[in-house]
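A quick write-up on the structure given underneath.
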């Protein structure tokens, strides 16, 4: 039996700035060549664990550790961040932020430059590494010329160039669209087999991370490991659901159909799932019972775009000929690749930019003469990153900001802010400073600060990016409540679950054009359209196909049932 | 048209020079222009500068805004010089050829205008070299070239990274200000000064927060890949000195020498055509 490449023994880490240790009594051994996925809700300690592996703890985030952690036979506590970087290569979550060099070439070579490798050798090795991640054509490109997936590949090449035995991925899927995420997992799989690497992936999108399988899944909660087993053992247990982690959709679908999961079904991946005839029969039976219901009633229109053309510069059109209509009380997702024009469309609706051609109507009235401020009275816009919106230190002040600026009487402000805080579940925090809140709560504060102005339409840019399942559900249920109160909600998103579970319609953008306006279930039953939108098929589609059911209707039945169950 | 100057990728003999060459050339060239007021040298330097610019393949429209802006500054500078010391030229050249008397102590004196002309030429002699350094030096090479002349690579790299983040921060600023305007923050000139200052805090606060976040990510990414491990580092974009580099530096040194030699010949910094 060989020595494990990473070994935690009774390891505890306590940040200097925290009252309590963040991870407790970790015992974990990882062998050479294994692929490990670490999951857990936000704040469970999985990032801390990663930072202990790559040396950011205690180098950048000081703290004390007890117990022992050895990596490739070296005591991690005694080695510095530089020594550890010889063994553990880290790819961070933020694809933009971690791009150091001015071009792909420089970024891949960055660590060699720091090692004083002679130039000739650097050039040779950089080319070889770029080849492995198929970026040779892009060596001279600057970061803004690359897609998110390409940037991530640059980062991978940049850490692998050191021939590190361990690759550590910190939420590699969080900033990628679903298709790019799938490609990333396939590339990781390929690189691992090719280079005999040990791979540790931290990710809460478990189904996507499991796309190419894993040897073990480590589940963490409250700073402790609560599961360390092969994927199928975990999937057959109820530990994921108890910890608030989303299990793969096909498993949920099987359970809804009343199928008892068992070891011989190979539940770890959709591709390996084996269903016998009686299983398929059960799914079909469930489907027949759940046949789609009648569509909802017609509602009045609140927003209409007609033949919109727009370009930031005269040379390039970022949006061409966009038309759509949004009905009152709808919940619509706007989907498509990065740079397809989704955010630009939102900016036009808010009046941040003016269309070159075309008309925008709010409740049938032409909006083109309205200023940003006037539009904001009807259309609220919530940015993706709450840190980019919050401008006051206290929650009350932040939510009250737009009312204070309107110079409303103090009593009215207080009343409206309290009312909004209650709706948003933030009332008990009303006198708290903003920075005492979690990311998800900050997001709520930003939504509250917009809602307080009573807009009829809410536009949100990636409302659930980087959120674990619990916070995702929290935010989305909250938006659903608002929607049920009559507020129309438009969401720009990559999140397939969000589209399926919460929106009744999807506008699909590609290369500045609207290529589809359809239901999410129809979208996910159309592989060609999915590809153009840079989305990927869900396992439900695969499941429906295997049972010979019409995918669109099956997905709709699943979603409706799922909503009932979760409500 | 662009209001900001930044690297423009092209392939020309100037672009092929190493960053360090361009930087050192710019320094020597500036010294040569600074030490002398000799009209002949300054005109020669300006003309050579124009030739270098043509060789670089850059276009007038790339620099139009910057050049017009600098000319405006120079004109203001010249007017100020004239207003404060209208007889400076007479003092320098020792003769006085008055053409027209204007009013009070101001006249059009040939010596004064010759002095002002030389003063302007000093700027014009340096501007092409400066623009070329900015527009034809790959920012990646910028850190490497600072490092080569003895600046710590950490300093050089921080400067380069800061330069690179300017567009990102600009974009953040733009996004934040739009979102804040939608909340009713008025940034137009309608409001009073104090109110506008207070309102801009509503943009700066989130801007600083999100920039700090950016810094945390990039510094982690850099440390994880061994930045700061050794006293030295190598540079993949660094190019070896070629013939062109030696020629360029030779031109600069000869220019400096000629400029200094003319100082000896003229017996001072000024070339005096009046005696």
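Chains as they are written, first to last, in this note's numbering: chain A, 10 to 576; chain B, 5 to 279.
A virtual CB, placed ideally from N, CA and C, is assigned to each residue, including glycine.
**Report entry** Through-space distance from residue 183(A) to residue 283(A), alpha-carbon basis
**Finding:** 30 angstroms
Query - Boundaries of the alpha helix (DSSP H) in which residue 267(B) is found, first to last residue - result: 247–270
Requested in this report: Assign residue 65(B) to buried or exposed, taking buried as 16 or more other Cβ atoms, counted over all protein chains shown, within 10 Å of its Cβ.
Outcome: exposed
Requested in this report: Spell out a yes or no on whether the region 33–50 of chain B and the region 267–274 of chain B are touching, meaning 3 or more CB-CB pairs, one atom from each, closer than 8 angstroms.
Outcome: yes
Query raised in the report: Got a sec? Which residues, its chain only, sit under 6 angstroms from residue 525(A) by beta carbon, not counting five neighbours each side?
Result: 517 and 538
**Report entry** Residue environment, residue 585(A), which counts as buried when at least 16 other CB atoms sit within 10 Å
**Finding:** Examination of residue 585(A) is not possible in this model, given that chain A is present from 10 through 576 alone.
**Report entry** Through-space distance from residue 415(A) to residue 106(B), alpha-carbon basis
**Finding:** 58 angstroms
Query raised in the report: For residue 115(A), does the three-state DSSP call read helix, strand or coil?
Result: helix
Report task. Pick out whichever of 393(A), 292(A), 109(A) and 64(A) has its Cα sitting closest to the Cα of residue 503(A). Result -> 393(A)
Requested in this report: Keeping to the same chain, check which residues put their C-beta closer than 7 angstroms to that of residue 303(A); ignore five residues upstream and five downstream.
Outcome: Below a pLDDT of 50, predicted positions are generally treated as unreliable, and residue 303(A), at 49, falls in that range; no measurement from the model is reported.
Query - Chain-ordered residues of the region 379–390 of chain A with a beta carbon less than 7 angstroms from chain B - result: 381, 382, 385 and 390
Query raised in the report: To the nearest angstrom, how far is it from the Cα of residue 98(B) to the Cα of residue 124(B)?
Result: 21 angstroms
Query - is_contact[residue 140(B), chain A] using C-beta, thresh 7 angstroms - result: no
Query raised in the report: Helix or strand or just coil, what does DSSP make of residue 7(B)?
Result: Residue placement at residue 7(B) cannot be trusted, given a pLDDT of 48 that sits under 50; the coordinates are not used to answer.
Report task. Use the C-beta contact count for residue 162(B): other C-beta atoms within 10 angstroms, 16 or more gives buried, fewer gives exposed. Result -> exposed
Query raised in the report: Can you tell which of 167(B), 21(B) and 202(B) has its C-alpha closest to the C-alpha of residue 244(B)?
Result: 21(B)
Requested in this report: Return no unless some Cβ of chain B is closer than 7 angstroms to the Cβ of residue 410(A).
Outcome: yes
**Report entry** Endpoints, alpha helix (DSSP H) assigned at residue 499(A)
**Finding:** Counting along the chain, residue 499(A) falls outside any alpha helix (DSSP H), though it belongs to the beta strand (DSSP E) covering 497–501.
Report task. List the residues that DSSP assigns as beta-bridge partners of residue 20(A). Result -> 35(A)
**Report entry** Cβ contact check for the region 102–118 of chain A and the region 146–166 of chain A: 3 or more pairs under 8 angstroms
**Finding:** yes
Query raised in the report: Of the residues that make up the region 70–84 of chain A, which ones have a beta carbon closer than 9 angstroms to any beta carbon in chain B?
Result: none
Requested in this report: Give the DSSP-derived three-state secondary structure of residue 215(B) in the structure shown.
Outcome: helix
Query raised in the report: Is the beta carbon of residue 446(A) sitting closer than 7 angstroms to the one on residue 391(A)?
Result: no
Report task. With hydrogens ignored, establish whether the beta-carbon of residue 518(A) is closer than 6 angstroms to any heavy atom of the ligand SAH. Result -> Inclusion of the ligand SAH in the displayed structure is not the case, the ligand content being empty and no account of it being possible.
Query raised in the report: For residue 153(B), does the three-state DSSP call read helix, strand or coil?
Result: coil
Report task. Output, in chain order, the set of chain B residues within a Cβ distance shorter than 7 angstroms of residue 342(A). Result -> None at all; the shortest Cβ gap to chain B is about 21 angstroms.
Requested in this report: Over the uninterrupted beta strand (DSSP E) stretch that includes residue 522(A), give me the two end residues.
Outcome: 522–527
Query raised in the report: Looking only at its own chain, which residues have a Cβ that is under 7 angstroms from the Cβ of residue 360(A), when we skip the five neighbours before and after it?
Result: 379, 380, 381 and 384
Query raised in the report: With a Cβ-Cβ cutoff of 7 angstroms, do residue 341(A) and residue 499(A) count as a contact?
Result: yes
Report task. Take the Cβ of residue 250(B) as the centre, count every other Cβ of all protein chains shown within 10 Å, and call the residue buried at 16 or more, exposed below. Result -> exposed
Query raised in the report: Does the Cβ-Cβ distance between residue 472(A) and residue 388(A) come in under 7 angstroms?
Result: no
Requested in this report: Please confirm if the region 228–242 of chain A is in contact with the region 70–78 of chain A, defined as three or more CB-CB distances below 8 angstroms between the two stretches.
Outcome: no
**Report entry** Contact set for residue 279(B): own chain, Cβ-Cβ below 8 angstroms, skip 5 residues either direction
**Finding:** 97, 98 and 99
Query raised in the report: chain A partners of residue 206(B), CB-CB under 7 angstroms?
Result: 400
Report task. Within the same chain, show all residues whose beta-carbon is closer than 8 angstroms to that of residue 421(A), passing over the 5 residues directly before and after it, in chain order. Result -> 412
**Report entry** Pairwise C-alpha distance: residue 456(A) and residue 493(A)
**Finding:** 16 angstroms
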